[in-house]
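Asker:
Number of protein chains: 2
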Amino acid sequence: MPEQHPGSRPTLEAVAARAGVSRATASRVVNGGDGVRKPLVDRVRQAVEELQYIPNHAARTLVTRRTGAVAVVIAEPEIRIFSDPFFSLQLRGISKELAAHDTQLVLLIVEGPADFDRIARYLSGGHVDGALAFSLHTDDPLPSITRRAGVPTVYGGRPSWTAGPGEQAVQYVDADNRGGARAAVQYLRGLGRERIAYIGGPPDQTSAVDRLDGYRDILVETDPTLIAEGAFTVESGARAMAELLDRRPDLDAVFAANDLMASGALRVLRERGIPVPEQVALVGFDDMDTVAEATDPPLTTVRQEIEGQGRLMARLLLRGLEKDRTGAGRPDSVITPTTLVRRASA
Amino acid sequence: MPEQHPGSRPTLEAVAARAGVSRATASRVVNGGDGVRKPLVDRVRQAVEELQYIPNHAARTLVTRRTGAVAVVIAEPEIRIFSDPFFSLQLRGISKELAAHDTQLVLLIVEGPADFDRIARYLSGGHVDGALAFSLHTDDPLPSITRRAGVPTVYGGRPSWTAGPGEQAVQYVDADNRGGARAAVQYLRGLGRERIAYIGGPPDQTSAVDRLDGYRDILVETDPTLIAEGAFTVESGARAMAELLDRRPDLDAVFAANDLMASGALRVLRERGIPVPEQVALVGFDDMDTVAEATDPPLTTVRQEIEGQGRLMARLLLRGLEKDRTGAGRPDSVITPTTLVRRASA
DNA sequence: GGAGCGAGTGGGAGCGCTCCCATGTCTGTC
DNA sequence: GACAGACATGGGAGCGCTCCCACTCGCTCC
């Protein structure tokens, strides 16, 4: 185990010398060995092994103009509001996929508006080959930053804007929010429930919009008194539930647009002595295990593969970069399926 | 807003030409402008502005051998077990501090033993100037990896091993766990409590060890029936509490080594109809706001500045890198203070 | 048996930057 | 008013790699 003096790492030159070939040939071997005769390949490989050669990344990037790194941009609010099982799972999926492709993950946390400058500078600096970001509000400056910086970007969650004329279509990965909501409401109807209330998320998030659309797909003549708006938090779910019960004490089912709100709603139902699911059936969304399985009764909910979404985001981006190089078009966005998970609350 | 053709970004050469100076002078200005006369500085700055010049990071790294990036290594279990308010806060602190020093954050998530190879290769590859990692178990391969790769590393939480002879002392940032525990127990004693139980964490984590030591500092003749071991999770806290009550129904206070376990304990106390704090006073540790403020009654707990710890880790590392360059010794580890936060549970 | 061809290999330029060193310029000093 | 000395600037090498191009083989084919 030679303890390397820092800064004295062996170069390709050294490998080539040891293997008795030219630097060019050594380079070919290190990069896959195509078009080099077997014995030479072996000799170079052995030299690499003996010298513990590791390519200098900066030198490689300098000439190839590819960094082998991808930025993950995350706005600070998200890291908190989602109280993370959501985000951390997605990040994990991303990390796995990137690792499998020897691509590094550079994390950019946006703390406030002032940070966008820093982000813009970074992305424009050619430090990364692409970026992954999460679903944003309409006025978010990020899309225009990445576009101007020419950095291919894949979004998690359907963005609320669409590409302008002549622009590349926005690439994203999202769950089938609408379909999942449809399934949930349909299931409640199948149980014989007739006054199905809805606790929605903030209307500036497309996932909330899509879930509401799904609800409406089934309950075409929706009674507005059965709809309340929350903010995807436990507290807001409780508030919305109280509001709904005050307005419509006769409701017999609730579909909440995420599990956190469902758990808040459940708390209120219990406080008021309303048995779940006997009198009011309750369905959530997301299937966050730390929430949906922990409530009493456990939540029936719509499951989405969060980690899988992360993987797909990374895969979509990497594939797009690959295609950019080969001149093909970028791949399309992906909608991942959702499934209804039956537990005790409905 | 010139939409740059990718790959046609202006170089220092171009800036120099436009400002009518040499590349060397342009470089000096870009790197702070020391020893360049004012009018030239201005001219170069203007050229930079006009051309929207952004230095090529790879080229710079190639010659300076500094990457301007730091790795944050995190083992997958942590990301879940702590259910993250803890980790995400620390990460946030790190991110802020690094951003303030124009240093990038490369996130390395270790999924399993097989990943250590990848991590080792990455760290040895000179992709980063340093690394930040989190407190580990005795047999963790990471320390030996970073040492062999010659990557300066700062740990979050006191590591359970110490440096061998002749090795650099291990640098870390940790809360004053022992002092915090002392304060908590002392506080309970001040309330007149006499049979103060302890719910501890896993003994292979130094934070758990240190907190137990603090407890023992005050309760010198500890009764072993008053001590139970948990695993820093809600469930394990509940289990430990039940165990303690079975053994010692007469206990009048509990100090739990973290808030999650305290909330588990609280649940059990409530289930058994034991009033808190009247019959049993309860103190937690960490002051995780999502937990400590959300329980009923809210937890009295020992607060540690988690985000601040993250900042300090980054600062320690950056300062160490600076000193390496100037030839000074690396700075010492840091212990951050804890404070007792009084709420209703004790 | 010689021209033609393709595959394998090496030479060398150059990616964009920093930094050493030589050169030039302007002070201050006797 | 000439000379050292400090300071400012430019020229140029070189960081480690990839990739273009030219070259040399060993074959096939007529």
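Keeping their order, the protein sequence lines are chains A and B.
Sequential numbering of the first sequence, starting at 1, is according to this note's numbering.
Sequential numbering of the second sequence, starting at 1001, is according to this note's numbering.
For every residue, glycine included, the Cβ atom is placed at its ideal position computed from N, Cα and C.
Give me the chain A residues within the contact set of His-1057(B), using Cβ-Cβ distance strictly less than 9 Å, ordered along the chain.
Answerer: In the second sequence, the residue the question calls residue 1057(B) occupies position 57. Neighbours of His-1057(B) on chain A, chain order: Ala-58, Thr-61, Thr-67, Gly-125, Gly-126 and His-127.
Asker: Counting only C-beta atoms, is Ser-95(A) closer than 7 Å to chain B at any point?
Answerer: Here residue 95(A) corresponds to residue number 95 of the first sequence, with the count starting at 1. For Ser-95(A), the answer is yes, since a Cβ of chain B falls inside 7 Å of its Cβ.
Asker: Please list the partners that Glu-305(A) has in chain B, where partner means a Cβ-to-Cβ separation under 9 Å.
Answerer: The residue you call residue 305(A) lines up with position 305 of the first sequence. Near Glu-305(A) there are no residues of chain B at all, since even the closest Cβ is about 17 Å away, more than 9 Å.
Asker: What are the uninterrupted segments assigned as alpha helix (DSSP H) that are 4 or more residues long and contained completely in the stretch 133 to 219 of chain A, given in chain order?
Answerer: 142 to 149, 177 to 190 and 206 to 218
Asker: Taking the DSSP output, what are the residues bridged to Leu-1282(B)?
Answerer: Locating residue 1282(B) in the second sequence gives position 282, where the first residue counts as 1. For Leu-1282(B), which the question treats as bridged, DSSP gives the partners Val-1254(B).
Asker: Arg-118(A) touches chain B at which residues, Cβ-Cβ below 9 Å?
Answerer: Counting from one through the first sequence, the residue named residue 118(A) turns up at place 118. The answer, in chain order, is Ala-1099 and Asp-1102.
Asker: So, Gln-90(A) versus Gln-279(A), is the Cβ gap smaller than 7 Å?
Answerer: In the first sequence, the residue the question calls residue 90(A) occupies position 90. In the first sequence, the residue the question calls residue 279(A) occupies position 279. With respect to the 7 Å criterion, Gln-90(A) and Gln-279(A) are not classified as neighbours on the basis of their beta carbons.
Asker: Across which residues does DSSP place Thr-339(A) in a beta bridge pair?
Answerer: Residue mapping note: residue 339(A) aligns to position 339 of the first sequence, counting from 1. BP columns for Thr-339(A) point to Arg-303(A).
Asker: Closer than 7 Å by C-beta to Ser-1027(B): which residues in its own chain qualify, once you throw out the five before and the five after it? Chain order, please.
Answerer: On the second sequence, residue 1027(B) is found 27 positions in, with the first residue counted as 1. Same-chain partners within the cutoff: Leu-1012.
Asker: Name, please, each residue of chain A whose Cβ falls closer than 7 Å to the Cβ of Leu-1318(B).
Answerer: The count along the second sequence starts at 1 and reaches residue 1318(B) at position 318. Listed along chain A, no residue sits closer than 7 Å to Leu-1318(B) by beta-carbon distance, the nearest being about 16 Å off.
Asker: From which residue to which residue does the beta strand (DSSP E) around Leu-1108(B) run?
Answerer: Working through the second sequence from its first residue, we reach residue 1108(B) at position 108. 1104 to 1110 is the extent of the beta strand (DSSP E) around Leu-1108(B).
Asker: Which residues in chain B have a C-beta closer than 9 Å to the C-beta of Glu-111(A)? List them in chain order.
Answerer: Stepping through the first sequence from its first residue, residue 111(A) is reached at position 111. Neighbours of Glu-111(A) on chain B, chain order: Arg-1092, Ser-1095, Lys-1096 and Ala-1099.
Asker: Going by other Cβ atoms of all chains shown within 10 Å of its Cβ, with 16 needed for buried, is Thr-1300(B) buried or exposed?
Answerer: The residue given as residue 1300(B) occupies position 300 in the second sequence. Thr-1300(B) comes out buried.
Asker: Would you call the stretch 288 to 295 of chain A in contact with the stretch 309 to 321 of chain A, where contact means no fewer than 3 C-beta pairs closer than 8 Å?
Answerer: Too few Cβ pairs lie closer than 8 Å, so no.
Asker: Are there three or more Cβ pairs, one per stretch, closer than 8 Å when the stretch 1144 to 1157 of chain B is compared with the stretch 1168 to 1178 of chain B?
Answerer: Three or more beta-carbon pairs drawn from the stretch 1144 to 1157 of chain B and the stretch 1168 to 1178 of chain B are found closer than 8 Å, and the two stretches are therefore classed as touching.
Asker: Can you tell me which of the three DSSP states Ile-1074(B) falls into?
Answerer: Here residue 1074(B) corresponds to residue number 74 of the second sequence, with the count starting at 1. Strand.
Asker: May I ask you to list the residues that DSSP assigns as paired with Ala-1131(B)?
Answerer: Residue numbering aside, residue 1131(B) sits at position 131 when the second sequence is read from its first letter. DSSP output for Ala-1131(B) lists Ala-1071(B) and Thr-1153(B) as bridge partner(s).
Asker: Against chain A, does Ile-1074(B) count as a neighbour if the rule is that its beta carbon must be under 7 Å from one of theirs?
Answerer: The residue labelled residue 1074(B) in the question sits at position 74 within the second sequence. Answer no: the Cβ-Cβ gap between Ile-1074(B) and chain A never drops below 7 Å.
Asker: Does the stretch 1252 to 1261 of chain B come into contact with the stretch 1194 to 1208 of chain B, if we say contact requires no fewer than three beta-carbon pairs (one atom in each stretch) closer than 8 Å?
Answerer: yes
Asker: Please report the straight-line C-alpha distance between Ala-1228(B) and Met-261(A), rounded to a whole angstrom.
Answerer: Within the second sequence, numbered from 1, the residue matching residue 1228(B) stands at position 228. Within the first sequence, numbered from 1, the residue matching residue 261(A) stands at position 261. Their Cα atoms are separated by approximately 35 Å.
Asker: Please list the terminal residues of the continuous alpha helix (DSSP H) segment that includes Ile-1227(B).
Answerer: Position 227 of the second sequence, counted from the first residue, corresponds to residue 1227(B). No alpha helix (DSSP H) contains Ile-1227(B), which is instead part of the beta strand (DSSP E) from 1227 to 1229.
Asker: Can you have a look at Ser-144(A) and say buried or exposed, based on whether 16 or more other CB atoms are within 10 angstroms of its CB?
Answerer: Counted from its first residue, the first sequence places residue 144(A) at position 144. It counts as exposed.
Asker: Kindly give me the distance between the Cβ atoms of Gly-1200(B) and Val-1302(B), rounded to whole angstroms, as I take these residues to be in contact under 8 Å.
Answerer: Counting from one through the second sequence, the residue named residue 1200(B) turns up at place 200. Counting from one through the second sequence, the residue named residue 1302(B) turns up at place 302. Contact doesn't hold; Cβ gap of about 14 Å is too wide.
Asker: If you follow the alpha helix (DSSP H) that Gln-1052(B) is in, where does it begin and where does it stop?
Answerer: To locate residue 1052(B), count along the second sequence from 1; it is residue 52. Taken as a continuous stretch (DSSP letters only), Gln-1052(B) belongs to no alpha helix (DSSP H), as it is neither H nor E.
Asker: Can you tell me whether Gln-104(A) is buried or exposed, with buried defined as 16 or more other CB within 10 angstroms of its CB?
Answerer: On the first sequence, position 104 is the one that residue 104(A) refers to. Here Gln-104(A) is buried. Its C-beta has 16 or more other C-beta atoms within 10 Å.
Asker: Can you pull out the residues from the stretch 1028 to 1054 of chain B whose beta carbon lies closer than 7 Å to at least one beta carbon of chain A?
Answerer: Answer in chain order: Ile-1054.
Asker: List the residues of chain A that Val-1106(B) touches, going by C-beta distances under 7 Å, in chain order.
Answerer: For the purposes of this step, residue 1106(B) is taken as the residue at position 106 of the second sequence. The contacting residues are Gln-104, Leu-105 and Val-106.
Asker: At the level of alpha carbons, what is the spacing between Phe-1086(B) and Thr-1338(B)?
Answerer: Position 86 of the second sequence holds residue 1086(B). Position 338 of the second sequence holds residue 1338(B). In a straight line, the C-alpha of Phe-1086(B) is about 15 Å away from that of Thr-1338(B).
Asker: Taking its Cβ as the centre, do 16 or more other Cβ atoms sit within 10 Å of Gly-1157(B), making it buried, or is it exposed?
Answerer: Start at 1 with the first residue of the second sequence, and residue 1157(B) comes out as number 157. So Gly-1157(B) counts as buried.
Asker: In the structure shown, what three-state DSSP assignment does Ala-17(A) receive?
Answerer: Taking the first sequence and counting its residues from 1, the one referred to as residue 17(A) is at position 17. Reduced to three states, the DSSP call for Ala-17(A) is helix.
Asker: Taking the CB atoms as reference points, tell me whether Val-128(A) and Val-110(A) lie closer together than 7 Å.
Answerer: Translated into positions along the first sequence, residue 128(A) becomes position 128. Translated into positions along the first sequence, residue 110(A) becomes position 110. No.
Asker: Beta-carbon separation of Val-1073(B) and Ala-1163(B) under 7 Å?
Answerer: Locating residue 1073(B) in the second sequence gives position 73, counting from the first residue. Locating residue 1163(B) in the second sequence gives position 163, counting from the first residue. Against a cut-off of 7 Å, the Cβ pair of Ala-1163(B) and Val-1073(B) comes out as no contact.
Asker: Compute the beta-carbon to beta-carbon distance between Leu-136(A) and Ala-71(A), rounded to the nearest angstrom, for a pair I have assumed lies under 8 Å.
Answerer: Position 136 of the first sequence, counted from the first residue, corresponds to residue 136(A). Position 71 of the first sequence, counted from the first residue, corresponds to residue 71(A). Leu-136(A) to Ala-71(A), Cβ: 15 Å. No contact.
Asker: In whole angstroms, what separates the C-alpha of Gly-213(A) from that of Arg-1182(B)?
Answerer: Stepping through the first sequence from its first residue, residue 213(A) is reached at position 213. Stepping through the second sequence from its first residue, residue 1182(B) is reached at position 182. Note that residue 213(A) is Asp in the sequence shown here, rather than Gly. Each residue's CA atom was taken as its position, placing Asp-213(A) and Arg-1182(B) some 56 Å apart.
Asker: Determine the chain A residues that contact Arg-1009(B) at a beta-carbon separation under 8 Å, and present them in chain order.
Answerer: For the purposes of this step, residue 1009(B) is identified with residue 9 of the second sequence, where counting begins at 1. The answer, in chain order, is Gly-126.
Asker: Along the alpha helix (DSSP H) that carries His-57(A), what are the first and last residues, could you check?
Answerer: Taking the first residue of the first sequence as position 1, residue 57(A) is located at position 57. First-last of the alpha helix (DSSP H) with His-57(A): 57 to 64.
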